[in-house]
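Following: one structure in structure tokens, then a few remarks.
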Ligand SMILES: Cc1cc2nc3c(=O)[nH]c(=O)nc-3n(C[C@H](O)[C@H](O)[C@H](O)COP(=O)(O)OP(=O)(O)OC[C@H]3O[C@@H](n4cnc5c(N)ncnc54)[C@H](O)[C@@H]3O)c2cc1C
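Numbering (my numbering), first residue to last: 55 to 433.
Have a look at this one:
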């Protein structure tokens, strides 16, 4: 790949590649099979500075920027998409704090998140509000110097392990998305109940839970930004998050290509290797071409974020393309593996299941198309 990454970015990429090969790849399949949260791996990743890669050094982060973050996440995801999403969501939950947090909020929460002492989570989705967060119903009512929050959230990644949640709630029944506000809610908040793990199709080593909020009291100081900033804060977090999911999908795509190349050069039918059939070789060519495009789009969005330019459009394009690419690559990889790819003996079975969610979370492909077309048709 000829995209001009710096020596430092290349060093980080190689360091994470080596770590992934030694520490994650050997246990990823078993963690998936057992539904085992990779706590030990996360501790080691934290020591390498991978949990707060975009957090400034003054708050204990690695402060290496969005391009390095994307490169690292691609490497992790090529071995274990579950570990990648845990890392991505923790980084995502630091973003609103960095952009909208008070100095006190930043100094309190960023060091434990960036050092990996605890994980972060982002609680937006509700049973009746998925693609349309403007319709969410969780209600925060001001009472003196605190808010009382009641409602429910679903599909919260890292929920069973997070030390704090960036939670979006409605501070007025009127006003649609303009009446949303964001809060920092520690997991120890009385009235916050963490529900049971979802039984998911993939990402078995990650945690996804519902939350119930019953008379949760949070102080005014736990609000992020101003009342009414909630929608803007959520969208800012998701812009960054989409670079994370595009990186995760690119990593999955890379793994699909690697597995396909290896298998098609090992397996013989009709007296010759699968790879010597043009039908198979062309599938590999298409996978490589689309993977390269996804990687470039993802790095482009990350670079634009580093330049502190608006990257909403670029992040949505990257997320849309990379997630659809990962699903096509997983389909082809499984096809190349034949019946064996349909069994748990081969990594492509896990890749196929893990790829599926990338077109759904942090905005479905349809939602990305809404974002991109809105940007294109503006003015
Ligand atoms: C494993 C997992 C982890 C997740 N983690 C988190 C998390 O950490 N925090 C969090 O807040 N949420 C999380 N989510 C929720 C996720 O972001 C939502 O599932 C997603 O936004 C879609 O919402 P929905 O499932 O309610 O689908 P719906 O919004 O009901 O959509 C159903 C279908 O209709 C389509 N659709 C909806 N509206 C339109 C429209 N206007 N035009 C065209 N098509 C449309 C959608 O694209 C989709 O295909 C997670 C989900 C999963 C599966």
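Cβ coordinates follow ideal geometry from the N, Cα and C atoms, glycine included. The model shown is predicted, which means the values in this text are computed figures rather than measured ones.
CB contact flag (residue 223, residue 248, <8 angstroms):
With respect to the 8 angstroms criterion, residue 223 and residue 248 are not classified as neighbours on the basis of their beta carbons.
What span of residues does the alpha helix (DSSP H) with residue 385 cover, start to end?
Unbroken alpha helix (DSSP H) run through residue 385: 366–391.
With distance defined between alpha-carbon atoms, name the residue in 254, 239, 146, 182 nearest to residue 200.
Restricting attention to 254, 239, 146, 182, the CA atom closest to the CA of residue 200 is found in 239.
Beta carbon of residue 177: closer than 7 angstroms to some heavy atom of ligand 1?
The beta carbon of residue 177 sits closer than 7 angstroms to at least one heavy atom of ligand 1.
Does the distance between the C-beta of residue 420 and the nearest non-hydrogen atom of ligand 1 fall short of 7 angstroms?
True, at least one ligand heavy atom lies under 7 angstroms from that Cβ.
Considering only residues of the stretch 296–372, which uninterrupted alpha helix (DSSP H) runs meet the minimum length of 4 residues and lie entirely inside it, listed in chain order?
Listed in chain order, they are 332–360.
If contacts are defined as beta-carbon pairs under 8 angstroms, then residue 301 and residue 128 qualify, I think. What distance do you get, rounded to the angstrom?
Cβ-Cβ separation between residue 301 and residue 128: approximately 5 angstroms, consistent with a contact (criterion under 8 angstroms).
Roughly how far, in whole angstroms, is the beta-carbon of residue 217 from the beta-carbon of residue 172, given that I think they are within contact range, below 8 angstroms?
Between residue 172 and residue 217 the Cβ distance is about 3 angstroms, and since that is below 8 angstroms, they are a contact.
For residue 115 and residue 121, believed in contact at Cβ under 8 angstroms, the rounded distance
The beta-carbon separation of residue 121 and residue 115, rounded to 15 angstroms, does not stay under the 8 angstroms limit for a contact.
To the nearest angstrom, how far is it from the Cα of residue 332 to the Cα of residue 183?
Approximately 47 angstroms between the Cα atoms of the pair.
Quick check: is any heavy atom of ligand 1 less than 7 angstroms from the C-beta of residue 74?
No; taking the cut-off as 7 angstroms, the Cβ of residue 74 has no heavy atom of ligand 1 nearer than that.
Can you determine whether any heavy atom of ligand 1 sits closer than 7 angstroms to the C-beta of residue 243, and answer yes or no?
Residue 243 Cβ: outside cutoff for every heavy atom of ligand 1.
Collapsed DSSP secondary structure at residue 273 in the structure displayed
In the structure shown, residue 273 sits in a strand (DSSP, three-state: E or B).
Name the residue from 210, 167, 328, 158 whose alpha carbon lies nearest to the alpha carbon of residue 97.
Ranking 210, 167, 328, 158 by CA distance to the CA of residue 97 puts 167 first.
Take every Cβ of the stretch 263–275, pair it with every Cβ of the stretch 143–155, and state whether three or more of those distances are shorter than 8 angstroms.
Flag = no, the stretch 263–275 and the stretch 143–155 do not touch.
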